[in-house]
Every structure is written in structure tokens, then in C-alpha cells.
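Here the structure comes first, spelled out in C-alpha cells, and everything after it is commentary.
Numbering (the numbering used here), first residue to last: 820 to 1072.
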């Protein structure tokens, strides 16, 4: 079940904890995708807090927000680029998106398989997608104080297996939000320390958010169609491997 857009906006733009989470997730995304010059970038769910760095150089940026969640105008004091859409029927042409960001979309969807098929449809050849979901082993998925405490949390293996079933090839992954999901001043002041510690000992510690980058895997066409026949080649040496049978001697009468 999708969360309400007002709750998401209040968390990311009006709370100290939400602004800290936004900054950490966006920093990790920029490490994966530092730029998108001349490309089409789309975000689904509530991905607009992560789209701002691409507004200047991208050819086109669009924020897709599902109907059950609701929509808000974004960005502020600029031409609106957010649109309300069906969860599995986006107003985008097939194969026109270069980069796709999905946050608060997959784990809250009641039709995740159909959603991933729509993600695959809009991505162009060589397109890439980033899926940002609550980490099953992290603290953030266990607290309903944040949007990452709703929906289905994933382990890395679960998410990668689901992506492969829908023709995505997982490329890179990273964890973030090692700081506790607390609004207490002590945890907010020590947040950078926990992130640095988690980045160094990520094999031991579990971050609250899992970020997986995947590429679109295009299969070879199959089925009916015109196919070129492979030439049989010259049979110059055929006699060396399969000698002709000798004639039988004539019988005496």
C-alpha cells in the first residue's frame, strides 16, 4: 500500500531526520550516477528529492507519482515536472528513458511484477535503473517513523532475484543510512560518524536502505521471421573424410 504524498513531503522536506535521509541517499546515488547530460531521467514513487541534481543538464526530467499515493507540484518555484499516473501504465513512450529511479514504489506496490515490466518497457537500449528499498536487516525497516518502515523490505538476494526474473541485470549495489532512525539530538549530531563507520564496515553492519543499480537486458529475437541460411561451403575435401566405396569385382560365369 502506497503512503500518502503529504506524509512523504513532510518527512523529506520538513523534518530533520528526513532531510538527513534525503542527503545520504542522494549522495550515494550521485556516486553511481554523477551526471545525466543530454539524457532523459525519470523517477517513480517519491523519487523527486533525488532528481534535483539532474535538472540542469538532463534533456528531460519527469517525476511519476502513482495514483494511490497522490501527487504534488515539483520543483518549487520552477515549471512543474511531476505527474500523477497509473502504477503500471506510465505516460511515457517505450524505450525513451535513459535513467530511472524508483524509490517508495516497489516495496509498497501491490503489483510488483507488473511494475517491473513497466520499468523495463520505458527504458531504452542500454538504459539503467536504480531501485531504492528498505533493507530487511536494517533498523529503518523496523520503525514506522520513516517511510522506509512501510511495505516489504528486501535483502540483496531477494531484490536481485526479482530483478533478474524481469530481465534486469544487477550491476552494482550499496547500503546507506547506518545511523539510527531517531530524532534525538545525539543521534542526529553523530549521524555522519555512523555513516562513515558503516561505509568502512559494510560487510558487518547493515544499512537501513539498499540501493541496487540494474541494466536492461535485451534478448535476441526469437520466433517466426526471415532467417539467413548458412552457406554449406565448398565440398573440396569431402572425399578425404568419406572415401567413395570401391566397385565390387565382376563375378565369373
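Note that the Cβ used here is the ideal one computed from N, Cα and C, for glycine as well. Predicted, not measured: the structure shown is a model, and the values here were computed from it.
Looking at the structure shown, is residue 941 part of a helix, part of a strand, or coil, going by DSSP?
helix
By Cβ distance, which residues of its chain are closer than 8 Å to residue 838, with the 5 residues on each side in sequence left out?
831, 832
Can you name the start and end residues of the beta strand (DSSP E) that residue 864 belongs to?
859-864
Tell me the residue span of the alpha helix (DSSP H) that contains residue 843.
835-851
Kindly indicate which three-state DSSP category residue 908 falls into: helix, strand or coil?
strand
Best match in 954, 967, 959 for proximity to residue 976 [C-alpha to C-alpha]:
954
On a CA-only basis, which of 1003, 1001, 996, 1037 is nearest residue 848? Give me that one, please.
996
Measure how close the beta-carbons of residue 946 and residue 993 come, nearest whole angstrom, since I'm counting them as under 8 Å.
Actually they are not in contact, since the Cβ atoms of residue 946 and residue 993 sit about 20 Å apart, beyond 8 Å.
Looking only at DSSP bridge pairs, what is residue 954 linked to?
973
Tell me, to the nearest whole angstrom, how far the beta carbon of residue 867 is from that of residue 901; I am working on the premise that it is less than 8 Å.
6 Å
Go ahead and label residue 843 buried or exposed: buried means 16 or more other beta carbons lie within 10 angstroms of its beta carbon, across all protein chains shown.
buried
By DSSP, does residue 994 sit in helix, in strand, or in coil?
strand
Coarse secondary structure for residue 948, derived from DSSP in three states:
strand
Within 10 angstroms of the Cβ of residue 932, are there 16 or more other Cβ atoms? Answer buried if so, exposed if not.
exposed
Sort 934, 914, 896 by Cα distance to residue 904 and report the nearest one.
934
Separation of residue 978 from residue 826, as counted between CA atoms:
26 Å
Rounded to the nearest angstrom, how far is the Cβ of residue 840 from that of residue 965, given a contact under 8 Å?
7 Å
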